[in-house]
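Read the structure below first, then the notes.
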Amino acid sequence: MLKTSICGVKLKNPTVLASGILGVTKPSLDRMGREGAGAVTMKSLCHEERSGNNNPTMFNEGEVFLNAVGLPGQGMDSALKDFKRLDDLSVPVIGSIYGYTLKQFGQVTKKIASLNPAMIEVNISCPNIHYGENYDNSPSLAAKVTKICKKNAGKIPVSIKLSPNVYDIKVMAKAVEKAGADAITAINTLTGMSIDADTRKPILKAKTGGISGPALKPVAIKCVYEIYKTVKIPIIGTGGITTGKDAIEMVMAGATLVGVGTACYYRGPSVFKKICKEMETWMKKNKIKNLREIRGIAHK
Ligand code: DHB
Numbered sequence: 006m007l008k009t010s011i012c013g014v015k016l017k018n019p020t021v022l023a024s025g026i027l028g029v030t031k032p033s034l035d036r037m038g039r040e041g042a043g044a045v046t047m048k049s050l051c052h053e054e055r056s057g058n059n060n061p062t063m064f065n066e067g068e069v070f071l072n073a074v075g076l077p078g079q080g081m082d083s084a085l086k087d088f089k090r091l092d093d094l095s096v097p098v099i100g101s102i103y104g105y106t107l108k109q110f111g112q113v114t115k116k117i118a119s120l121n122p123a124m125i126e127v128n129i130s131c132p133n134i135h136y137g138e139n140y141d142n143s144p145s146l147a148a149k150v151t152k153i154c155k156k157n158a159g160k161i162p163v164s165i166k167l168s169p170n171v172y173d174i175k176v177m178a179k180a181v182e183k184a185g186a187d188a189i190t191a192i193n194t195l196t197g198m199s200i201d202a203d204t205r206k207p208i209l210k211a212k213t214g215g216i217s218g219p220a221l222k223p224v225a226i227k228c229v230y231e232i233y234k235t236v237k238i239p240i241i242g243t244g245g246i247t248t249g250k251d252a253i254e255m256v257m258a259g260a261t262l263v264g265v266g267t268a269c270y271y272r273g274p275s276v277f278k279k280i281c282k283e284m285e286t287w288m289k290k291n292k293i294k295n296l297r298e299i300r301g302i303a304h305k
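The opening residue of the sequence shown carries number 6 in this note's numbering; numbering runs sequentially from there.
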């Protein structure tokens, strides 16, 4: 019922572990696959080791989850030794990479491609680091990143992860499609800030962070809806998806796959099984046999 495919990659269901959540090591990625995710995305890696930001890096209040982790990570060369390959896990793996320069985007893409992931996701849109250039906000720079990553990815499909912190996400989507992207991941986190009235200071050490969690869902749904209207390539719809009904709504906006990240915090790692069961219950009740029947249906 939930079987699906994207860019030729077959999945047992459309849920994907979003980047940055429990995807730092090979065993943790594999575990999330066994917990029920249809595919799993690694935490983004660049050419160098990064320690990330100082604490506090996370803050949760109700439906808002704010973080400025700062992309800590082991660096690509060390990851190559640890992961060895990415095609021998329980589910397809999406390798996630970024660079500060175009050249680095190309180099890290080539390195992750050597591990044979099912797809490569290019993170041009983390709100918590300085890339050196505004890849997330410039259609021409995003197109350049897409071209260099495509050139270095070989046959592995490339998805560009777009930011909601832009004036018009349609323009960004069109630019990366034209540059050869195979898919779009939408969206990364939305920038935000929380202040503690008692200390009279921003709560996060980095002051600003990225909002995820249920509060992000309407933003993500709107972005996926607009992207679906604009491009033909498939969309991995990510942002605030917590329940099966959320996932169905994301598919109705136009998503082929549905990213699940912060919901692991709210509902535990078994959230993938729970979401899939809830999707199936909704589908049975509404006499839907395949998600194709409802993909993008909100546009009609
Ligand atoms: C981080 C990276 C992201 O891409 C994001 O959306 C939020 C946080 C980080 O590691 O800081």
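Just so you know, even glycine gets a beta-carbon here, dropped at the ideal spot from N, CA and C.
Computed from a predicted model, the values in this text were never measured in an experiment.
Spatial distance of residue i from residue j (CA atoms)
i           : j           : result
residue 282 : residue 218 : 20 angstroms
residue 75  : residue 290 : 43 angstroms
residue 142 : residue 168 : 8 angstroms
residue 57  : residue 72  : 12 angstroms
residue 8   : residue 22  : 16 angstroms
residue 250 : residue 20  : 13 angstroms
residue 1   : residue 261 : The first residue shown for the chain is 6 and the last is 305, placing residue 1 beyond what the model contains.
residue 265 : residue 184 : 27 angstroms
residue 221 : residue 187 : 25 angstroms
residue 82  : residue 259 : 36 angstroms
residue 207 : residue 198 : 7 angstroms
residue 139 : residue 6   : 41 angstroms
residue 118 : residue 15  : 18 angstroms
residue 226 : residue 263 : 11 angstroms
residue 111 : residue 156 : 8 angstroms
residue 240 : residue 45  : 15 angstroms
residue 105 : residue 164 : 18 angstroms
Counterpart residues of residue i in DSSP-defined beta bridges
i           : result
residue 188 : 164
residue 10  : 15
residue 50  : 102
residue 125 : 100 and 163
residue 296 : DSSP, once it has assigned bridges, lists no residue as partnering residue 296.
residue 32  : DSSP, once it has assigned bridges, lists no residue as partnering residue 32.
residue 257 : Per DSSP, none; premise fails for residue 257.
residue 132 : Bridge partners of residue 132: none, in fact.
residue 207 : 200
CB-CB length for residue i against residue j, believed under 8 angstroms
i           : j           : result
residue 192 : residue 228 : 5 angstroms
residue 78  : residue 48  : 6 angstroms
residue 269 : residue 102 : Wrong, their Cβ atoms sit about 22 angstroms apart, outside the cutoff.
residue 256 : residue 189 : With 8 angstroms as the limit, residue 256 and residue 189 do not qualify as a contact, their Cβ atoms being about 15 angstroms apart.
residue 158 : residue 114 : 5 angstroms
residue 124 : residue 153 : Not quite, the Cβ-Cβ distance comes to about 17 angstroms (not below 8 angstroms), so this is no contact.
residue 50  : residue 80  : 7 angstroms
Residue i: CB within 8 angstroms of a non-hydrogen atom of the ligand DHB
i           : result
residue 75  : yes
residue 4   : Outside the displayed range of the chain (6 to 305) lies residue 4, so it cannot be described from this structure.
residue 30  : no
residue 128 : yes
residue 60  : no
residue 83  : no
residue 245 : no
residue 134 : yes
residue 194 : yes
*At a cut of 8 angstroms, does the region 234 to 248 reach the region 197 to 213 through at least three beta carbon pairs?*
no
*Are the region 38 to 49 and the region 92 to 101 in contact at 8 angstroms, needing three or more beta carbon pairs?*
yes
*Using 8 angstroms as the Cβ pair cut-off and three pairs as the minimum, do the region 177 to 196 and the region 141 to 157 touch?*
yes
*Would you call the region 230 to 239 and the region 290 to 304 touching, i.e. three or more CB-CB distances under 8 angstroms?*
yes
*Count the CB pairs spanning the region 64 to 71 and the region 119 to 138 that are closer than 8 angstroms, and state whether there are at least three.*
no
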